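Below is one structure, written out as structure tokens, with a few remarks after it.
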Amino acid sequence: MFTIQHHFGSKLALYREILRMRDREVEALVRRVLAEERSVSALVGRVVDELFDFFLAHRDAVALRARAVLGEGLPRRGTLGDESWVGS
């Protein structure tokens with residue numbers, strides 16, 4: 004527990020950072036495809052394919068994001084779908 008507090012301040016802050024890390028990976032993936040594709044139809048197909056592959060390879064990220072959206076682990080004041088505690 005001391006290591007978590009030392010580096011992140013709390014378990015909740017660690018959780019937020021993990022969510023942000025995965026979100027940055029998805030954003031980087033989309034940005035890479037946007038930079039490489041010129042055709043809109045190819046762009047859409049490739050983004051869908053790349054995201055599908057990413058989410059299959061990182062099922063833990065999908066589960067973690069789903070838990071955050073559903074409010075699992077939220078402070079008592081949280082509500083369903085309220086991710087304001089996660090931050091951006």
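For the sequence shown, position 75 matches number 78 in this note's numbering, and the numbering has no gaps at all. Just so it is clear, CB atoms sit at the ideal spot from N, CA and C, and this is done for glycine as well. From a predicted model like this one, the values you see are computed outputs, not experimental measurements.
Give the DSSP-derived three-state secondary structure of residue i in the structure shown.
i     : result
SER44 : helix
HIS61 : coil
ARG23 : helix
PHE11 : helix
Please go through the same chain and pick out, in chain order, the residues whose beta-carbon is closer than 7 Å to the beta-carbon of residue i, but skip the five residues on each side of it.
i     : result
VAL33 : VAL50
PHE57 : VAL29 and LEU32
VAL36 : LEU46, ARG49, VAL50 and GLU53
SER42 : none
GLU40 : LEU46 and ARG49
PHE11 : LEU17 and GLU20
Hey, residue i and residue j are a contact pair by Cβ (cut 8 Å); roughly how many whole angstroms apart?
i     : j     : result
LEU67 : LEU22 : 7 Å
Should residue i be labelled buried (16 or more other beta-carbon atoms within 10 Å of its own) or exposed?
i     : result
ALA71 : buried
ARG19 : buried
Using a Cβ-Cβ cutoff of less than 6 Å, which residues in the same chain neighbour residue i once the five nearest sequence positions on both sides are dropped?
i     : result
ARG25 : ALA64
HIS61 : none
Note down, in chain order, each residue of its chain lying with its Cβ closer than 8 Å to the Cβ of residue i, except the 5 sequence neighbours on either side.
i     : result
LEU59 : none
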